[in-house]
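Note that our numbering has the sequence shown beginning at 5, numbered continuously upward. Using N, Cα and C, we set each Cβ at its ideal position, and we do this for glycine too. For reference, the structure discussed in these notes is given below.
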Amino acid sequence: MDAPRITDLVDDVLLKIIHECSAEDVLSLERTCKSLKTLLSEPLKPLWLSFLEELDESHAPDLPFYVPVESLSSHDLKQLVSRAIKGNKNWRSLSGPRVTRRRVIDLRNKGGLLGHIKQNSLQLREIVKILPGSRFVILLWSEGYIQCWNSEKNECIWTYPQLGGFADIKVVAFDAEYDARNDQMIFILSGYFLEPSNNDEPCFIKLIHFDLRTKRVIKSRGRSLFGPAPFLARFCGNVILFCGALNMFMEIKLERFFLLSNVDIKRETISVTEGRVVFAGNETITGVPKLFIVDAQSIFTHRRAPKFPSTSGAPTFTLSDLSDFVATAQITIDGENLSSIHLSICTPTWRHDTSTSIYVIAKMCDKHNHGLQEATRFITLKFLLGASSRRAPDLGLLSSPTPNITLVHTSGPVALPRSHPYCADDVHLLSHAGRGVLASANILHKAVRYYAFSMDTLLDGEAAPKEVLGPIVFGRERVAPGKVYMERYSGALVFASKDERTLLIQYYD
5 MDAPRITDLV
15 DDVLLKIIHE
25 CSAEDVLSLE
35 RTCKSLKTLL
45 SEPLKPLWLS
55 FLEELDESHA
65 PDLPFYVPVE
75 SLSSHDLKQL
85 VSRAIKGNKN
95 WRSLSGPRVT
105 RRRVIDLRNK
115 GGLLGHIKQN
125 SLQLREIVKI
135 LPGSRFVILL
145 WSEGYIQCWN
155 SEKNECIWTY
165 PQLGGFADIK
175 VVAFDAEYDA
185 RNDQMIFILS
195 GYFLEPSNND
205 EPCFIKLIHF
215 DLRTKRVIKS
225 RGRSLFGPAP
235 FLARFCGNVI
245 LFCGALNMFM
255 EIKLERFFLL
265 SNVDIKRETI
275 SVTEGRVVFA
285 GNETITGVPK
295 LFIVDAQSIF
305 THRRAPKFPS
315 TSGAPTFTLS
325 DLSDFVATAQ
335 ITIDGENLSS
345 IHLSICTPTW
355 RHDTSTSIYV
365 IAKMCDKHNH
375 GLQEATRFIT
385 LKFLLGASSR
395 RAPDLGLLSS
405 PTPNITLVHT
415 SGPVALPRSH
425 PYCADDVHLL
435 SHAGRGVLAS
445 ANILHKAVRY
455 YAFSMDTLLD
465 GEAAPKEVLG
475 PIVFGRERVA
485 PGKVYMERYS
495 GALVFASKDE
505 RTLLIQYYD
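Laid out in structure tokens, this is it:
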């Protein structure tokens, strides 16, 4: 008589057993035989929803905070859980993360008409942006053209200004969002008039709605401004943040705006969550590095917000003027100087928790910079940002908008070994699941290699062994062909080929 097998059990009993297993065990169990694979391929939304809610922040799924979990199907939930678990395990591989799939976009820049897509290190402009889900990729070319690509179809769906005509503007900064409900792309652009009709207003700002079904612009709004064009733009709900020579917050209607003074924003740290802008910077008076959280939307709508002038001019506010809408926390360690700061934010809405974890990784200056250093030291701080609450629960009135931030964990310094004595190492990219990319730039021949690490390594606060840094491969090359970008929810890496004929997206899930 053959020994009983688990597949001999009825489906109801099997499902009860499966509910007691971990998600990783269930995914492994699915690969053992066809009958279990068939069973787990059926709509089992409660099962996968429970597994999703059990994921911690180091296994954060590639689900943006604005997407409701309830709207997802059983298949979508299963894919989220599977990618989160497999991606985390793959990223921690001692031999380096393995590319599980790749997309290639043919840029079709014949004759170099659009220019190039190399980064200007002095301006820290965003040149490539991959939107959540990695379906759409936005490129900003050096000649001032912006393009939106559908990576699934290898198709350029929009170019601005339009090719083939006389271009009288040059785009220098952008941001983009996908409106899934209306199947539209929303762009905010800033740039210069090449032949300004009014020398006092050489800068323009445009808000454009592009319909993906008809592939036409259905709504456009713009305005001119005095002064240099900002080099970075960020959507923040119904507000837009512009950074450049001046830091400016503007309503999405492009009517009211104000300038923020007395703070030096580190542009590479800017993140957005639930209508609030999070960034690191220095107060210009004290020079102390701090973490800033600005409730940007409330500044324009709250009854306690500062008054805007009735004229067309823009007021200048300091941090003290906006004290009801700004929270700060110092990023300091006694006796240590910091040379760079990097941020990662995670709002675990997949488990119905609307508080936001903010991870700050700061590179420490070497106190005794004599000779070559064998390791680079980092400290890690974890802050908890309370849920956004703009309405009092009983009265339905606007309550105090002041963000509530608390330091909950400090670790370090952690010494990450340098890949080579002549290399300068620093954190380059961070996903919301804590997958980090360390850039190692050779001081002599300028080549840059990238290495994968996990945020957990730094949070442990212990010296990291060399095996923690897994090399990242770009095609068949260990050296990156140029600037590397990351989609912060999935952790996919985006980079252009050396000849800039193609754009490649590498996935690790």
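Pairwise C-alpha distance: residue j and residue i
i    : j    : result
H449 : G195 : 34 Å
F457 : W95  : 7 Å
E272 : L433 : 10 Å
V281 : R220 : 31 Å
F262 : S224 : 22 Å
S361 : L59  : 15 Å
R492 : T163 : 25 Å
A467 : P421 : Legend: pLDDT at A467 = 47, less than 50; position of this residue unreliable, value from coordinates given subsequently. Cα-Cα distance, rounded: 9 Å.
G452 : A171 : The sequence shown places Val at residue 452, rather than the Gly named in the question. For V452 and A171, the distance between alpha carbons rounds to 35 Å.
S265 : S26  : 51 Å
T380 : K294 : 22 Å
D299 : M252 : 14 Å
T506 : L111 : 5 Å
E259 : V73  : 35 Å
L399 : I337 : Unreliable positioning characterises L399 in this predicted model, as indicated by a pLDDT of 34, which lies under 50. A coordinate reading is not provided.
S32  : V85  : 13 Å
I109 : N158 : 5 Å
Y489 : D12  : 49 Å
V103 : T410 : 37 Å
F55  : H356 : 13 Å
L126 : D29  : For L126, the predicted structure reports a pLDDT of 49, less than 50, and the residue's modelled location is therefore unreliable. The matter cannot be settled from this model.
R227 : L193 : 11 Å
R439 : F230 : 41 Å
Span of the alpha helix (DSSP H), counted from its first residue to its last, around residue i
i    : result
F312 : From DSSP, F312 is part of no alpha helix (DSSP H); its letter is neither H nor E.
A300 : 300–305
S194 : No alpha helix (DSSP H) holds S194; the beta strand (DSSP E) holding it covers 188–197.
G285 : Counting along the chain, G285 falls outside any alpha helix (DSSP H), though it belongs to the beta strand (DSSP E) covering 280–287.
N266 : Where N266 is concerned, there is no enclosing alpha helix (DSSP H), given that its DSSP letter is neither H nor E.
T42  : 38–44
K94  : Looking at the sequence shown, residue 94 is not Lys but Asn. Per DSSP, N94 belongs to the alpha helix (DSSP H) from 78–95.
E255 : Taken as a continuous stretch (DSSP letters only), E255 belongs to no alpha helix (DSSP H), being part of the beta strand (DSSP E) at 251–255.
F55  : 49–57
H23  : 15–23
S32  : 27–34
Residue range of the beta strand (DSSP E) that includes residue i
i    : result
H413 : 409–421
R439 : 439–446
Y489 : 488–490
F246 : 243–247
R381 : 379–389
T332 : 330–334
C369 : Premise fails: C369 is in no beta strand (DSSP E) and is neither H nor E.
R105 : 105–110
H432 : 427–434
T406 : Note, T406: premise wrong, no beta strand (DSSP E); not H, not E.
I509 : 506–511
Beta-ladder partner(s) of residue i, from DSSP
i    : result
F178 : L193
S348 : Y363
P475 : Y455
P293 : N286
E481 : F478
V276 : V281
V498 : Y489, I509
Within-9 Å CB hit, residue i to chain B
i    : result
C240 : Although the question refers to chain B, the structure presented lacks it and comprises just one protein chain.
Spell out a yes or no on whether the segment 129–149 and the segment 491–507 are touching, meaning 3 or more CB-CB pairs, one atom from each, closer than 8 Å.
Result yes; three or more Cβ-Cβ pairs closer than 8 Å.
Would you mind listing the beta strand (DSSP E) stretches within the segment 112–166 that are 3+ residues and don't spill past its ends, in chain order?
List check, beta strand (DSSP E) in window: 132–134, 140–144, 150–154, 159–164.
Count Cβ pairs between the segment 333–352 and the segment 60–75 that sit closer than 8 Å; are there 3 or more?
Verdict: yes, contact present.
Ignoring anything shorter than 3 residues, give me the beta strand (DSSP E) runs that lie fully in the segment 201–241, in order along the chain.
You should have 207–215, 220–229, 236–240.
For the segment 145–156 against the segment 112–121, do three or more pairs of beta-carbon atoms, one drawn from each stretch, fall closer than 8 Å, so that the two count as touching?
When Cβ pairs closer than 8 Å are counted between the two stretches, the segment 145–156 is seen to touch the segment 112–121, the count reaching three or more.
For the segment 41–56 against the segment 13–28, are there 3 or more C-beta pairs whose distance is under 8 Å?
Yes: at least three Cβ pairs fall under 8 Å.
Report yes or no: do the segment 30–47 and the segment 337–348 share at least 3 C-beta pairs separated by less than 8 Å?
The answer is no - the segment 337–348 does not touch the segment 30–47, with fewer than three Cβ pairs under 8 Å.
Would you check if the segment 74–85 and the segment 477–495 touch, i.e. whether three or more CB-CB distances between them fall below 8 Å?
Taking a cut-off of 8 Å for Cβ pairs, the segment 477–495 and the segment 74–85 do not touch, as fewer than three such pairs fall below it.
Evaluate the contact criterion for the segment 306–313 versus the segment 229–241: three or more CB pairs, one atom per stretch, below 8 Å.
Output reads no: the segment 229–241 does not touch the segment 306–313.
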